[in-house]
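Number of protein chains: 4
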Amino acid sequence: MQINSYIAQAIIDGAEVKAREVGLPVIVAVLDAGGHLKAFHRMDGAVLGSIDIALRKAKTAVLFGAESEAVWEYCKPGAPAPGLENTNGGLAPFGGGIPLKDRDGSILGALGVSGGSVAQDMEVARAGYAAYQATVA
Amino acid sequence: MQINSYIAQAIIDGAEVKAREVGLPVIVAVLDAGGHLKAFHRMDGAVLGSIDIALRKAKTAVLFGAESEAVWEYCKPGAPAPGLENTNGGLAPFGGGIPLKDRDGSILGALGVSGGSVAQDMEVARAGYAAYQATVA
Amino acid sequence: MQINSYIAQAIIDGAEVKAREVGLPVIVAVLDAGGHLKAFHRMDGAVLGSIDIALRKAKTAVLFGAESEAVWEYCKPGAPAPGLENTNGGLAPFGGGIPLKDRDGSILGALGVSGGSVAQDMEVARAGYAAYQATVA
Amino acid sequence: MQINSYIAQAIIDGAEVKAREVGLPVIVAVLDAGGHLKAFHRMDGAVLGSIDIALRKAKTAVLFGAESEAVWEYCKPGAPAPGLENTNGGLAPFGGGIPLKDRDGSILGALGVSGGSVAQDMEVARAGYAAYQATVA
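Listed below in structure tokens is the structure:
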């Protein structure tokens, strides 16, 4: 299975429905299994600095097949991989990136959300992920 | 005026209607007046190499307020600005990028299309531009 | 509204009047809404290392629509976005960058000041911002 | 002697007087002997792509102590240094960058102009250089 346009749009729509509920303009990026950009949308009013962050969160999630904040557990002070966050052109090891997997656990891509606080971004990203699950179910 | 989500989506839709007519999966990127990504869509089947090209064509168009291929007139062999294509992090001085202007000529953004031959990309880009004009008229 | 040359010069002049009062040679950078350089001046005697810092502070402010030091609240030790300061090509999450907004809160650009201590840079930046307000009032 | 603020402003003013005569909004950058930015101004209406070009022309001129277009003689097809234009982070080997020298020929800095055709940029740059000469005479 691949992240096709239909799925990517469903993810963006699902995230943005939640973003409007929260009242927060966000950026949503969807990457494929190779980490290449499939779809991207910046809601009107989202800050420019979040473009790079949304892309990087999604990249972090697809590169490790894990939610972006999980990377921090490996590189935070005292953890065994200091500087891990500087590999791969720079990761974003905080919440808002979620990997997209199929039923056997293969990594199909990732989504990344940025625009508000980390907690808000994670809430919006989870809504995008729920839309993904509803679409591929 | 700014390139809002409504306009950006109209541009992508207009380009993709034409791309399906032509039978060519393409990538469409829409940038704002500052050259920042507003919306992006890669149709299923478009080649990965076109991601960077679509983005760069749009960047070329917004940076100079001209269609991307116009830049080549300044830097082609014998022209007075050799190496111009290497400025600004690397331009794409060939067809497929079109600036978006308002009625007084201010640059509001640009669209970039890549996926097929330059002639095909230009045809698809012009369809995206026509949709822009229909939306802001 | 845009940050035109008249406004940019007023900002630089306002900052430098204060800098001379303080006896501190500084660098002042003014960016537009897209984060592109509009005007820049390095006072005689300002250290070279402050060129990049003034530019980065202004970039930080325009990208997030917030004073540059506000970014640190999100990425300081224990905060939820570790590594945020490494996004967008590297931010300067300390004082001296101030966003320029219009009355409805739209981000029109930013100014960045560097040359002395953070407290001094912030004082000079605030003088530049006061000149901005006096000009657009 | 150094390129102080008084001289840098005289150069920018001299160039912009000519640019207004020509009816062309340009960008003027002034670098010091180390190639570091001393002053920069983007006239209202100048295209964004010219920011990088003006800076690069000035850098090219100061790095080689020669007008920026002179570099092309060394790297044009058939010349002995192909690829020279790709050194130093990328040069701009076309007209619009002029080195600033003192009477014994020491390189004190450079100015770079971009915004129009190469011929126009060179005319504006020469006006900036004339202002330099009038100031240090």
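Residue numbers (the numbering used here), protein chains in the order written: chain A, 789 to 925; chain B, 789 to 925; chain C, 789 to 925; chain D, 789 to 925. All residues carry an ideal CB built from backbone N, CA and C; glycine is no exception.
I'd like to check one pair, residue j with residue i: are the Cβ atoms closer than 8 Å?
| i | j | result |
| --- | --- | --- |
| residue 814 of chain B | residue 903 of chain B | yes |
| residue 893 of chain C | residue 821 of chain B | no |
| residue 803 of chain D | residue 897 of chain D | no |
| residue 807 of chain C | residue 831 of chain C | yes |
| residue 873 of chain A | residue 871 of chain C | yes |
| residue 838 of chain C | residue 829 of chain D | no |
| residue 812 of chain D | residue 844 of chain D | no |
Assuming residue i and residue j make a contact with CB atoms under 8 Å, what is their CB distance in whole Å?
| i | j | result |
| --- | --- | --- |
| residue 901 of chain A | residue 810 of chain A | Not really, about 11 Å apart at Cβ, beyond 8 Å. |
| residue 887 of chain C | residue 850 of chain C | 6 Å |
| residue 853 of chain D | residue 895 of chain D | 5 Å |
State the Cα-Cα distance for the pair residue i and residue j, rounded to the nearest angstrom.
| i | j | result |
| --- | --- | --- |
| residue 818 of chain D | residue 919 of chain A | 53 Å |
| residue 890 of chain C | residue 875 of chain B | 32 Å |
| residue 906 of chain B | residue 847 of chain C | 35 Å |
| residue 899 of chain A | residue 912 of chain A | 11 Å |
| residue 868 of chain A | residue 921 of chain B | 56 Å |
| residue 732 of chain C | residue 840 of chain D | A question about residue 732 of chain C goes unanswered here, because the residues of chain C that appear run from 789 up to 925. |
| residue 805 of chain A | residue 805 of chain C | 49 Å |
| residue 791 of chain D | residue 909 of chain D | 21 Å |
| residue 789 of chain C | residue 863 of chain D | 44 Å |
| residue 833 of chain C | residue 881 of chain B | 41 Å |
| residue 798 of chain A | residue 842 of chain C | 42 Å |
| residue 800 of chain C | residue 877 of chain A | 35 Å |
| residue 885 of chain B | residue 914 of chain B | 9 Å |
Would the C-beta of residue i count as close to the ligand FAD, meaning under 7 Å from any of its heavy atoms?
| i | result |
| --- | --- |
| residue 828 of chain B | Absent from the structure shown: the ligand FAD. Ligands present: none. |
Which residues in chain C have a C-beta closer than 9 Å to the C-beta of residue i? List them in chain order.
| i | result |
| --- | --- |
| residue 886 of chain A | By Cβ distance, chain C contributes nothing, its closest Cβ being about 16 Å from residue 886 of chain A, past 9 Å. |
Using a Cβ cut-off of 8 Å, pull out every chain A residue sitting near residue i, in sequence order please.
| i | result |
| --- | --- |
| residue 870 of chain C | 860, 864, 873, 881 and 882 |
Counting only Cβ pairs nearer than 9 Å, list the residues of chain B close to residue i.
| i | result |
| --- | --- |
| residue 876 of chain A | Within 9 Å Cβ-Cβ: nothing; residue 876 of chain A doesn't reach chain B, min ~17 Å. |
| residue 841 of chain D | 869, 872, 875 and 876 |
| residue 894 of chain A | In chain order: nothing, as chain B lies at least about 18 Å away. |
So which residues of chain D does residue i contact, with C-beta pairs closer than 7 Å?
| i | result |
| --- | --- |
| residue 851 of chain B | 835, 836 and 837 |
Taking C-beta pairs closer than 7 Å, name the residues in chain F that residue i reaches, listed in chain order.
| i | result |
| --- | --- |
| residue 823 of chain C | The structure shown has no chain F; the protein chains it does contain are A, B, C and D. |
Which bits of chain D does residue i rub up against, with CB to CB less than 8 Å?
| i | result |
| --- | --- |
| residue 827 of chain C | 828, 829 and 830 |
Going along chain C, which residues have a C-beta under 8 Å from residue i?
| i | result |
| --- | --- |
| residue 844 of chain A | 875 |
| residue 902 of chain D | Those do not exist, as residue 902 of chain D stays about 13 Å from chain C at its closest Cβ, beyond 8 Å. |
Please compile the residues from chain C whose C-beta is within a distance smaller than 7 Å of the C-beta of residue i.
| i | result |
| --- | --- |
| residue 906 of chain A | 868 and 869 |
| residue 856 of chain D | Those do not exist, as residue 856 of chain D stays about 19 Å from chain C at its closest Cβ, beyond 7 Å. |
**Request:** Assess, as a yes-or-no matter, whether the region 824 to 833 of chain A is touched by the region 855 to 872 of chain A under the definition of 3 or more beta carbon pairs within less than 8 Å.
**Result:** no
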